[in-house]
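Here the UniProt record's numbering is used: position 272 in the sequence shown is 272, and no number is missing along the way. Yeah, the Cβ is synthetic: ideal placement off N, Cα and C, and Gly gets one too.
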Amino acid sequence: MGQGMGAIHLSEVRCSGQESSLWKCPHKNITAEDCSHGQDAGVRCNLPYTGVETKIRLSGGRSRHEGRVEVQIGGPGPLRWGLICGDDWGTLEAMVACRQLGLGYANHGLQETWYWDSGNITEVVMSGVRCTGTEMSLDQCAHHGTHIACKRTETRFTAGVICSETASDLLLHSALVQETAYIEDRPLHMLYCAAEENCLARSARSANWPYGHRRLLRFSSQIHNLGRADFRPKAGRHSWVWHECHGHYHSMDIFTHYDILTPNGTKVAEGHKASFCLEDTECQEDVSKRYECANFGEQGITVGCWDLYRHDIDCQWIDITDVKPGNYILQVVINPNFEVAESDFTNNAMKCNCKYDGHRIWVHNCHIGDAFGEEANKRFERYPGQTSNQII
């Protein structure tokens with residue numbers, strides 16, 4: 001499973017098995033000399049049998065891990081099998097379907113399944129399925145209920161999945177963001193490539209080029225793959241887009257979102273990083289690099305490796321030229337559109353507290369957590385007087 005990262009909080013944990021939390025088990029207070037990440041504890045969970053997998057099945061695929069999704073429903077008359085409308089079906093919905101089937105994780109959520117054997121099931125009995133990705137079964141996801149609304153009703157446009165026993169899991173090194181954050185006033189004549197790749201705020205379009213500057217919040221981001229499968233771009237090499245200005249290929253439309261938010265969550269500045277290069281910058285001692293962007297090489301992040309975007313490269317920033325002084329939240333979300341399947345999306349977001357006085361910025365309390373989740377909000381610092389957005 002590889003090594004973890006960040007602080008180590010517990011050692012010599014001794015549980016009876018009845019506790020509701022590890023913190024309630026007897027344990028030793030940790031010191032720097034006690035443990036290293038080579039001794040990180042791990043678990044492999046086995047969920048109890050629920051029977052929900054009998055209400056869903058796959059058909060038409062080349063193996064038991066793929067196929068068109070069929071669900072069993074009741075109603076007037078006997079139970080019957082039917083199909084799911086493919087509208088808006090994606091990775092999160094496929095994750096739940098694979099979990100319900102006991103087939104691990106989702107590699108792909110498919111909105112068209114015409115290339116698989118059609119079978120004799122033709123009725124669409126479920127539509128509007130929207131999952132968060134954490135549900136145990138599809139009937140726990142939001143959907144249209146008995147009212148079926150499907151834009152494309154042909155059998156070829158019904159939902160399908162490809163499941164896998166392993167998946168990648170990306171995690172941002174939050175401490176590095178906090179340690180490397182700083183402000184740079186960068187001259188406009190040095191930002192032509194960044195403007196071409198849409199890495200500046202909209203107001204930059206009306207700036208007096210090449211005179212003046214943009215104020216940038218710069219930081220490094222180090223993205224680790226802690227999963228059990230390599231992280232690979234969804235698009236094949238034949239569809240990567242060459243960008244002449246920077247001399248590299250883009251393999252994903254959006255790889256990360258960088259946002260500055262007010263305390264109530266309103267976005268006041270944003271940045272984005274096209275995946276111009278996914279590669280193994282460094283790896284753990286026992287892991288070899290597989291991916292390198294030079295010479296049109298394969299892109300990806302190997303299990304046990306990390307991709308480092310240094311603070312001094314183009315687009316590794318948020319343009320804060322138009323941001324007023326105040327208290328803010330810095331939020332970074334990896335793989336925000338769920339383009340590539342992962343075993344866990346709840347650890348893809350990082351948030352930090354920010355104080356900006358118009359000249360300097362303080363970034364602190366950076367931590368991983370669901371950007372909209374209760375867990376992250378409980379741990380997050382609340383400034384006194386935040387409603388006025390003024391520095392206290």
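When the Cα of residue i is compared with those of the options, which residue comes out closest?
i, options, result
"phenylalanine 219", "Ile56, Cys163, Arg14 and Trp362", "Trp362"
"glycine 109", "Arg68, Gln222, Ile318 and Ile320", "Arg68"
"isoleucine 8", "Gly17, Cys25, Ala41 and Ser16", "Ala41"
"tyrosine 211", "Asp230, Met190 and Cys199", "Met190"
"tyrosine 309", "Asn337, Glu339 and Leu278", "Leu278"
"serine 168", "Val303, Thr346 and Leu101", "Val303"
"cysteine 98", "Trp209, Cys85 and Val161", "Val161"
"asparagine 264", "Leu330, Gly38 and Gly61", "Leu330"
"tryptophan 306", "Ile318, Lys289, Gln316 and Asp312", "Lys289"
"alanine 195", "Val241, Gln316 and Gly300", "Gln316"
"leucine 176", "Gln111, Gln222, Gly77 and Gly38", "Gln222"
"isoleucine 313", "Arg186, Gly326, Lys267 and Glu179", "Arg186"
"histidine 37", "Val13, Met136 and Gly6", "Gly6"
"glycine 104", "Gly86, Asn46, Ala142 and Gly61", "Asn46"
"histidine 367", "Arg152, Val241, Asn327 and Glu179", "Glu179"
"glutamate 66", "Trp116, Gln39, Ile73 and Glu93", "Trp116"
"serine 343", "Gly227, Asn327 and Thr321", "Gly227"
"glycine 86", "Gly4, Ser63, Cys283 and Glu123", "Glu123"
"leucine 171", "Gly17, Asn347 and Asp357", "Asn347"
Following the continuous beta strand (DSSP E) through residue i, name the residue where it begins and the one where it ends.
i, result
"leucine 217", "213 to 218"
"valine 241", "241 to 243"
"aspartate 319", "317 to 319"
"valine 333", "326 to 334"
Quick check on residue i: does DSSP put it in helix, strand or coil?
i, result
"alanine 106", "strand"
"histidine 65", "coil"
"alanine 142", "strand"
"methionine 126", "strand"
"leucine 191", "coil"
"alanine 7", "coil"
"glutamate 165", "coil"
"cysteine 85", "strand"
"lysine 151", "coil"
"glycine 160", "strand"
"lysine 289", "coil"
"glutamate 196", "helix"
"lysine 234", "coil"
"glutamine 178", "helix"
"alanine 201", "coil"
"glutamine 299", "coil"
Return the bridge partner residues of residue i from the DSSP annotation.
i, result
"alanine 269", "Ile260"
"threonine 223", "Reading off the sequence, residue 223 comes out as isoleucine, not threonine. Isoleucine 223 is bridged to Leu172 and Asp307."
"tryptophan 362", "Lys355"
"cysteine 283", "Cys305"
"arginine 57", "Glu70"
"histidine 250", "Val241"
"phenylalanine 255", "For phenylalanine 255, which the question treats as bridged, DSSP gives no partner whatsoever."
"methionine 350", "Val332 and Ile368"
"arginine 80", "Ile73"
"isoleucine 183", "Leu217"
"lysine 24", "Answer by DSSP bridge pairing: none, since lysine 24 is not bridged."
"asparagine 29", "Leu10"
"glutamate 342", "Ser168"
Alpha carbon to alpha carbon, what distance is there between residue j and residue i?
i, j, result
"serine 11", "cysteine 150", "53 Å"
"glutamate 197", "methionine 350", "24 Å"
"lysine 28", "valine 43", "20 Å"
"leucine 58", "valine 125", "15 Å"
"alanine 371", "valine 96", "Its pLDDT being 43, under 50, alanine 371 is placed unreliably by the model, and the measurement read from it follows with that caveat. In a straight line, the C-alpha of alanine 371 is about 20 Å away from that of valine 96."
"arginine 360", "tyrosine 182", "8 Å"
"cysteine 15", "asparagine 353", "35 Å"
"serine 251", "aspartate 230", "15 Å"
"arginine 80", "aspartate 139", "15 Å"
"tyrosine 249", "asparagine 208", "30 Å"
"tyrosine 291", "proline 233", "12 Å"
"glycine 271", "serine 20", "41 Å"
"leucine 83", "aspartate 280", "41 Å"
"alanine 341", "isoleucine 260", "26 Å"
"aspartate 88", "lysine 24", "43 Å"
"lysine 355", "proline 325", "8 Å"
"threonine 113", "threonine 155", "8 Å"
"histidine 246", "glutamate 339", "24 Å"
"glycine 300", "histidine 224", "11 Å"
"asparagine 337", "isoleucine 254", "8 Å"
"histidine 364", "isoleucine 30", "23 Å"
"leucine 216", "histidine 173", "21 Å"
Mind checking which residues open and close the alpha helix (DSSP H) that includes residue i?
i, result
"leucine 92", "91 to 101"
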